[in-house]
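Visitor:
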Amino acid sequence: MLGFYGGEGPYPTPRPMSEADIQEAIAGFAAAAQRAQAAGFDGVGLHGANGYLIDQFISEYFNHRDDAWGGSLERRLAFPIAVIRAVRKAVGSDFLVGMRLSQIKVTDSNYRWAGREEAAIIMTTLEAEGLDYLHFSELDALTPAFEGTDKSLAALASELIDIPVIANGELGAPQAAEAIIAQGGADFVAIGKAALANHDWPHRVRNNRSLTALDFAMLMPRANLSNEDAWREQHNVSATLDVGR
Ligand SMILES: Cc1cc2nc3c(=O)[nH]c(=O)nc-3n(C[C@H](O)[C@H](O)[C@H](O)COP(=O)(O)O)c2cc1C
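The sequence shown begins at 3 in the numbering used here and counts up by one.
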């Protein structure tokens, strides 16, 4: 675990999941989604990005299996497909189920899928499983996804699939967010750092108020609310402005 999140010591050496481990993980996603539904949420976003478990199956970067869960791209998509089906079965059709994808991994921000063809197969295959949206996280959502193309991953998806596309990555400036929507590169934007720094980002943007840039010192030595509160008090920077909500 990253020190940033409270982990310490050497990383344990991973071992391949057994069939029982895989079935347990699939059932775990379904049970978690069901709890979210019971708690009153409108939907769930399955985390298939950044080198987390679903991404570890999708990407040949991690997936070195030679059984039904690895090898060809079709087999590498078997786990996300099984998760989507189990979650959908658990929550029914009247509940949003989406998935977040990225090329980059927490362990490698330069990693790219094999190219446009692979990206297209991933996007269209997952869409066909009945997802309500796909969310693409990139370092910068306005930059090209692959060499030899001028399209970002989200823009490519907007061309290839019919479900809503969410773009993420350096869209915290309203001009950048507006640009990707205006270009037809996404239906929605998701913001990370800008929202950590400005809890009322939509209200500030709507009312033309200034935005605070994220200072990573706010999240040190660990990313938790008490460190953020201490930083805000010390620097006299509030999380929200009174903009007449
Ligand atoms: C402090 C911090 C913690 C993050 N933790 C996670 C995480 O646990 N899982 C994840 O998928 N992305 C995580 N991210 C990445 C964000 O979800 C987002 O994709 C990224 O910051 C790019 O969007 P932005 O430019 O709007 O911040 C984190 C980002 C920051 C700054």
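All C-beta atoms in this analysis are idealised placements derived from N, C-alpha and C, irrespective of residue type, glycine included.
Which term fits S154, buried or exposed, when burial requires 16 or more other beta carbons within 10 angstroms of its beta carbon?
Guide: The residue given as residue 154 occupies position 152 in the sequence shown. Buried, by the Cβ-count rule.
Visitor: Would the C-beta of G171 count as close to ligand 1, meaning under 7 Å from any of its heavy atoms?
Guide: Here the question's residue 171 lines up with position 169 in the sequence shown. G171: yes, Cβ under 7 Å from ligand 1.
Visitor: I need the DSSP call for Q36, collapsed to helix, strand or coil.
Guide: Position 34 of the sequence shown, counted from the first residue, corresponds to residue 36. Here Q36 sits in helix by DSSP.
Visitor: Looking at ligand 1, does it come within less than 7 Å of I193, judged from the CB to the closest heavy atom?
Guide: In the sequence shown, residue 193 corresponds to position 191, counting from 1. Checking every heavy atom of ligand 1 against the Cβ of I193, one is found closer than 7 Å.
Visitor: Determine, for I83, whether the minimum Cβ-Cβ distance to residues of chain B falls below 8 Å.
Guide: Any reference to chain B falls outside this structure, which holds one protein chain only.
Visitor: Do the CB positions of F138 and L103 come within less than 8 Å of each other?
Guide: The count along the sequence shown starts at 1 and reaches residue 138 at position 136. The count along the sequence shown starts at 1 and reaches residue 103 at position 101. Closer than 8 Å, so yes.
Visitor: Does DSSP classify F6 as helix, strand or coil?
Guide: On the sequence shown, position 4 is the one that residue 6 refers to. F6: helix per DSSP, three-state reduction.
Visitor: Among the candidates E131, A121, R77, M125, whose CA atom is the shortest distance from the CA of L98?
Guide: By one-based count along the sequence shown, residue 98 stands at place 96. When only C-alpha atoms are compared, the closest one is E131.
Visitor: Can you tell me where the beta strand (DSSP E) with I106 in it begins and where it stops?
Guide: On the sequence shown, residue 106 is found 104 positions in, with the first residue counted as 1. Counting along the chain, the beta strand (DSSP E) containing I106 begins and ends at 98-107.
Visitor: Determine the direct distance from the alpha carbon of F190 to that of S111, and round the result to whole angstroms.
Guide: Numbered from 1 along the sequence shown, position 109 holds the residue referred to as residue 111. Numbered from 1 along the sequence shown, position 188 holds the residue referred to as residue 190. In a straight line, the C-alpha of S111 is about 23 Å away from that of F190.
Visitor: Could you pull the start and end residues of the alpha helix (DSSP H) that S228 belongs to?
Guide: For the purposes of this step, residue 228 is taken as residue 226 along the sequence shown, with counting starting at 1. First-last of the alpha helix (DSSP H) with S228: 227-237.
Visitor: With a floor of 4 residues, list each alpha helix (DSSP H) that falls wholly inside the region 54-132, ordered by position along the chain.
Guide: 55-60, 75-78, 80-93, 118-130
Visitor: Go ahead and pull the three-state DSSP assignment for L48.
Guide: The residue labelled residue 48 in the question sits at position 46 within the sequence shown. It is a strand residue.
Visitor: Assuming A92 and A32 form a contact by the criterion Cβ under 8 Å, report the distance between their Cβ atoms to the nearest whole angstrom.
Guide: Taking the sequence shown and counting its residues from 1, one reaches residue 92 at position 90. Taking the sequence shown and counting its residues from 1, one reaches residue 32 at position 30. About 4 Å separates the two Cβ atoms, so the contact holds.
Visitor: For A188, which residues from the same chain have a beta carbon less than 7 Å from its beta carbon, with the 5 sequence-adjacent residues on both sides left out?
Guide: Reading the sequence shown from its first residue, position 186 is the one you call residue 188. Excluding residues within five positions, the ones whose Cβ falls inside 7 Å are A156, S160, V167, I168, A169, I182.
Visitor: In three-state terms, what does DSSP make of I168?
Guide: By one-based count along the sequence shown, residue 168 stands at place 166. Residue state, collapsed to three classes: strand.
Visitor: By how many angstroms is the C-alpha of R206 removed from the C-alpha of I193?
Guide: Reading the sequence shown from its first residue, position 191 is the one you call residue 193. Reading the sequence shown from its first residue, position 204 is the one you call residue 206. Rounded to the nearest angstrom, the two C-alpha atoms are 14 Å apart.
Visitor: Say yes only if the C-beta of H201 is nearer than 7 Å to one or more non-hydrogen atoms of ligand 1, and no if none qualify.
Guide: As a first step, residue 201 is located in the sequence shown; it is residue number 199 there, counting from the start. False, no ligand heavy atom lies under 7 Å from that Cβ.
Visitor: Does the distance between the C-beta of N52 and the nearest non-hydrogen atom of ligand 1 fall short of 7 Å?
Guide: Here residue 52 refers to the residue found at position 50 when the sequence shown is read from its first residue. True, at least one ligand heavy atom lies under 7 Å from that Cβ.
Visitor: Within the same chain, show all residues whose beta-carbon is closer than 6 Å to that of P176, passing over the 5 residues directly before and after it, in chain order.
Guide: For the purposes of this step, residue 176 is taken as residue 174 along the sequence shown, with counting starting at 1. Apart from the 5 residues on each side of it in sequence, P176 sits with its Cβ closer than 6 Å to the Cβ of V207 in its chain, given in chain order.
Visitor: Checking the sheet assignment: what are the DSSP bridge partners for F190?
Guide: Here residue 190 corresponds to residue number 188 of the sequence shown, with the count starting at 1. F190 pairs with I168.
Visitor: Could you say if the region 31-47 and the region 78-89 meet the contact criterion of at least three C-beta pairs nearer than 8 Å?
Guide: yes
Visitor: Could you tell me which residues DSSP pairs with H137 in its beta bridges?
Guide: The sequence position of residue 137 within the sequence shown is 135, counting from 1. H137 pairs with R102, I168.
Visitor: Quick one: is the Cβ of S61 within less than 7 Å of any heavy atom of ligand 1?
Guide: To locate residue 61, count along the sequence shown from 1; it is residue 59. Checking the 7 Å criterion, the Cβ of S61 is out of range of every heavy atom belonging to ligand 1.
Visitor: Where does A147 sit, in a helix, a strand or coil, going by DSSP?
Guide: Looking up residue 147 in the sequence shown gives position 145. Of the three classes helix, strand and coil, the one that applies to A147 here is coil, per DSSP.
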